[in-house]
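Visitor: Pasting in a structure now, in structure tokens, and then I'll have a few things to ask.
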Amino acid sequence: MNPDPTSARLLLMLHGWGLHGGIWEGLGAPPPPGAEPGTEPGAEQGAEQEAGYTYLAPDLPGHGHDTGAEVDPYTLDALARHHEDRLARRTVLAGWSLGGMVALTLARRRPERIAGLVLIGATPRFTTAPGWPHGLDPALLADFSDALARDQATTLQRFLALQSQGCAQARTLTRRLRALAEDAPPPRASALAGGLDILRSADLRDLLKEIHCPVLLIHGERDPVVPAAAARAMAARLADARLHLLPGAGHAPFLSHTRHCHELIRAFCHEHL
């Protein structure tokens with residue numbers, strides 16, 4: 004399903020920790036005529052052609068239907084390399100949460116292929132640090148790591164609930180996230196542990212100055228995982244960034260504010276692909 008790198012234009016969308024590519028539900032392309040909401044086919048099973056570009060939403064290694072993929076050690080560079088061959092000659096690379104970090108890393112590795120970045124609920128650093136108050140308490144993610152080793156299923160449910168906090172439709176969003184998570188096999192334990200290690204320790208603040216392509220930042224104003232202040236700080240450090248803060252949205256604005264996100268992404272792709 005890899006596009007032809009000599010001619011194709013691509014919107015490649017990378018999901019966050021513990022979920023899978025199906026969470027996008029065709030967000031990057033319009034649904035087929037007559038389709039009911041939420042019934043769009045997953046892009047990995049059938050990439051759609053829309054306005055001259057291909058739309059693809061693969062699973063991160065060890066997640067969803069890619070549970071057999073082995074990435075060891077589970078690092079941002081390894082995750083970026085895993086998706087490198089998917090890049091077309093011109094690619095808009097979208098990433099949510101952990102996927103945003105992978106997108107930034109991949110953009111640094113292959114800048115000649117990246118026409119633009121769409122970063123959703125993303126940050127260069129998930130935990131607080133000197134000079135970076137815009138994150139989670141490191142102790143919280145340490146607690147998630149300990150809990151993950153004891154009970155993977157319950158820990159995943161806790162994390163999904165955390166992502167819904169702050170959203171005006173928190174309960175509805177939590178149910179939807181849980182339903183989406185059940186649409187694919189459970190993630191591999193090693194991938195979850197490796198992903199949490201990235202969230203706890205990765206720091207891409209210095210990398211931001213190496214990103215020169217246009218960047219669209221979409222962020223929930225009430226995001227409890229990545230504060231809106233992190234998005235503002237990231238936008239200020241990028242050379243060419245536009246930030247859209249969505250009122251009433253939490254960490255998954257593409258699910259709570261789907262139409263708005265869809266319009267923003269489509270317009271960005273039309274502009275840069």
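Okay, so the sequence shown: first residue is 4 according to this note's numbering, each after it adds one.
For glycine and all other residues, C-beta sits at the position ideal for the given N, C-alpha and C.
What you are looking at is a predicted structure, and each value in this text was computed from that prediction instead of being measured.
1. Inspect the beta-carbon positions of L249 and E224 and report whether they are closer than 8 Å.
2. Please report the distance separating the alpha-carbon of G119 from that of A110.
3. Helix or strand or just coil, what does DSSP make of T78?
4. With DSSP collapsed to three states, give me the class of R269.
5. Helix, strand or coil: which one does DSSP assign to W20?
6. Which of the three DSSP states, helix, strand or coil, is assigned to V121?
7. How do the region 250 to 261 and the region 154 to 161 stand: do at least 3 beta-carbon pairs fall below 8 Å, yes or no?
8. Of all the options G25, L22, P114, L122, which has the alpha carbon lying nearest to the alpha carbon of L220?
9. Is it right to say R191 is buried, meaning 16 or more other beta carbons lie within 10 angstroms of its own, or is it exposed?
10. Quick one: residues in its chain with C-beta nearer than 8 Å to the C-beta of R181, no 5 flanking neighbours on either side, listed in chain order?
11. For H222, count neighbouring C-beta atoms within 10 Å of its own C-beta (all shown protein chains included) and say buried if the count is 16 or more, exposed if not.
12. Can you find the residues in the same chain that come closer than 6 Å, C-beta to C-beta, to A81, ignoring five residues on each side of it along the sequence?
13. What three-state label does DSSP hand R208 in the structure shown?
14. Can you give, in chain order, each stretch of the beta strand (DSSP E) that sits fully within the region 231 to 262 and has at least 3 residues?
15. Can you tell me the Cα-Cα spacing of T108 and A83, whole angstroms?
16. According to the Cβ coordinates, are L165 and P227 closer than 8 Å?
17. What are the uninterrupted segments assigned as beta strand (DSSP E) that are 3 or more residues long and contained completely in the region 77 to 118, given in chain order?
18. Rounded to a whole number of angstroms, what is the C-alpha to C-alpha distance between P33 and H265?
19. Which two residues bound the contiguous alpha helix (DSSP H) that contains L159?
20. In terms of DSSP beta bridges, what is V218 paired with?
21. Considering only residues of the same chain and omitting the five flanking positions on each side of H23, which have a CB-CB separation below 6 Å?
22. Does P217 pass the burial test, meaning 16 or more other C-beta atoms within 10 Å, or should it be called exposed?
Guide: Let me spell this out:
1. yes
2. 9 Å
3. coil
4. helix
5. coil
6. strand
7. no
8. L122
9. buried
10. Q160, L163
11. buried
12. V74
13. coil
14. 244 to 249
15. 6 Å
16. yes
17. 93 to 99
18. Low confidence applies to P33: its pLDDT is 46, below 50, so where it sits in the model is not reliable, and the reading given next is rough at best. Approximately 9 Å, taken between the alpha carbons.
19. 155 to 167
20. L120, A244
21. D62, H66, G67, A187
22. buried
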